[in-house]
Amino acid sequence: MLSSTDPRERRSPAPSRAGYLAIAVAAMMIVQVGLAQAHPRSAPKAGIESADVLTPHLQAGQTFTNVFARIASIDGDGFEEKLRHYSGLGSYVVSKDSTEGGWKFDLSLQNHGSPPDRGSAVIRDQGQAECFKGQCRRSRDCCGLLYNIAIWGVPPRKLEVGTRWTTDLAEVWEFGPPGRQTVTVISVDPVARMVTLTREGEGEGRAEGDPKQIHVDKGGKSYMVDFAPGRAHWIGQTIIKDGVIISDEIMAYRSVVLSSPEFGSVKAMDHEFTVQNTSPQPADGSRIRI
0 MLSSTDPRER RSPAPSRAGY LAIAVAAMMI VQVGLAQAHP RSAPKAGIES ADVLTPHLQA
60 GQTFTNVFAR IASIDGDGFE EKLRHYSGLG SYVVSKDSTE GGWKFDLSLQ NHGSPPDRGS
120 AVIRDQGQAE CFKGQCRRSR DCCGLLYNIA IWGVPPRKLE VGTRWTTDLA EVWEFGPPGR
180 QTVTVISVDP VARMVTLTRE GEGEGRAEGD PKQIHVDKGG KSYMVDFAPG RAHWIGQTII
240 KDGVIISDEI MAYRSVVLSS PEFGSVKAMD HEFTVQNTSP QPADGSRIRI
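The sequence shown: position 120 = 119 (numbering that gives the first Met the number 0), numbered continuously.
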């Protein structure tokens, strides 16, 4: 998801543990509804050209509104669980001067707890590069609007149930360190030009945006501790139609070590879950306003 600034620096007041549970349950319900509506019912060996389903096929004026949420927890012995979250939505309207070499959008962003941000956006190089208000960057988001070969890899020419490929993630990315992941096709709908993929991988080290230090609470006191990530493992499931990501969920867990002279050294686990879904547009053809 394109963002004008890192949304993790604009957190709204933290909800209770019950609130986080409600958010997680709601997110899973959204995913299940999306799967129920969109999950293909094709024959087991139905196949489709990867270019037909993973390459964007967009038209000027089309609107895609993504709703996303991310929840994370660091937990271990001897300190209070550290919870964090952010959520929001982004509305992409395809511009008239878009091409397959660079899809252009009128983009409106709303990270909950912050004012909306609007501007011109471009997604190019097969999803690998994003620009917003003239500022460009390499896209290493775990989820996004379009298929990104930097995250998903180059697929085989033809996709059918059971097709599998492995991709090396050479750089840190939003949900993990450099590593290797396997992508597997679990369903195909050639008529709807839709495919469901799973991804699973692991790596060692820091993820994009990881802090070097964090605050943790212990015994009624707050400590600044060094944050040292270890081995990470992630798994997710994604529905893609005409190159647009309709539904995306991914979960990761990794070992971390928290330490400081005053706090000591503690081994902990960091669990994270992200869900993104393309929300339906109103039946009367109007757009969801941000």
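We put the beta carbon where it would ideally sit given N, CA and C, even for glycine.
For the candidate residues the options, whose alpha-carbon lies nearest to that of residue i?
i	options	result
Ile122	Ile148, Gln109 and Thr166	Ile148
Met250	Gln127, Ala231 and Gln125	Ala231
Ser119	Cys130, Lys95 and Leu144	Cys130
Thr237	Val224, Pro210, Asp167 and Asp247	Asp247
Phe174	Pro189, Asp167, Cys141 and Val182	Cys141
Gly204	Asp188, Pro176 and Thr183	Pro176
Met268	Phe226, Thr162 and Gln275	Phe226
Pro154	Val194, Gly112, Glu207 and Thr98	Val194
Gly60	Ser258, Trp102, Arg137 and Pro260	Trp102
Gln212	Lys220, Glu199, His111 and Pro228	Pro228
Ala169	Leu257, Arg192 and Ala206	Ala206
Leu158	Val224, Trp151 and Ser186	Ser186
Gln58	Lys81, Asp74 and Thr98	Thr98
Trp233	Gly133, Gly112, Thr62 and His270	His270
Glu80	Thr165, Ile245, Ser138 and Leu257	Leu257
Asp76	Pro210, Gly263 and Tyr91	Gly263
Val93	Asp105, Ser138 and Thr181	Asp105
Asp167	Arg156, Val182 and Gly100	Val182
Leu53	Trp172, His214 and Ala191	Ala191
Trp164	Glu261, Trp172 and Gly152	Gly152
Ile73	Gly208, Val215, Gly89 and Gln134	Val215
Ala71	Lys220, Asp188 and Asp209	Asp209
Glu261	Lys220, Ile245, Pro189 and Ser49	Lys220
May I ask you to report which of helix, strand or coil DSSP gives residue i?
i	result
Val52	helix
Val187	strand
Gly133	coil
Thr273	strand
Arg139	coil
Thr162	coil
Pro228	strand
Ala68	strand
Gly263	strand
Gly46	strand
Gly208	coil
Ala37	Only weak support is given to the placement of Ala37: the predicted model assigns it a pLDDT of 45, under 50, and the value that follows is read from those uncertain coordinates. Ala37: helix per DSSP, three-state reduction.
Beta-carbon of residue i versus every beta-carbon of chain D: anything under 8 Å?
i	result
Ile70	Although the question refers to chain D, the structure presented lacks it and comprises just one protein chain.
Since I believe residue j is in contact with residue i (beta carbons under 8 Å), could you give me their beta-carbon distance rounded to a whole number of angstroms?
i	j	result
Thr273	Arg69	4 Å
Gln178	Gly143	Here residue 178 turns out to be Gly, not Gln, going by the sequence shown. Not confirmed; about 19 Å, so no contact.
Phe78	Lys266	Not a contact, Cβ separation roughly 11 Å.
Leu108	Gly126	Contact flag wrong, Cβ pair sits at about 18 Å.
Tyr85	Asn65	Contact doesn't hold; Cβ gap of about 14 Å is too wide.
Ser259	Tyr222	6 Å
Asp241	Pro114	Contact doesn't hold; Cβ gap of about 32 Å is too wide.
Ile239	Tyr146	6 Å
Thr277	Val243	7 Å
Gln180	Gly161	Not really, about 17 Å apart at Cβ, beyond 8 Å.
Ala128	Arg137	6 Å
Phe63	Tyr91	5 Å
Where does the unbroken beta strand (DSSP E) through residue i begin, and where does it stop?
i	result
Trp151	That residue, Trp151, is in no beta strand (DSSP E); its alpha helix (DSSP H) goes Ile148 to Trp151.
Arg117	Asp116 to Arg123
Val171	Note, Val171: premise wrong, no beta strand (DSSP E); not H, not E.
Ser246	Val243 to Ser259
His84	Lys81 to Val93
Gly200	Met193 to Glu203
Phe104	Gly101 to Asn110
Ala295	No answer is possible for residue 295: the residues shown for the chain start at 0 and end at 289.
Leu158	Lys157 to Glu159
May I ask you to list the residues that DSSP assigns as paired with residue i?
i	result
Ser221	Asp216
Asp74	Met268
Ala128	Arg123 and Arg137
Lys240	Met193 and Val243
Gly235	Arg198 and Ile249
Leu144	According to DSSP, Leu144 bridges with nothing at all.
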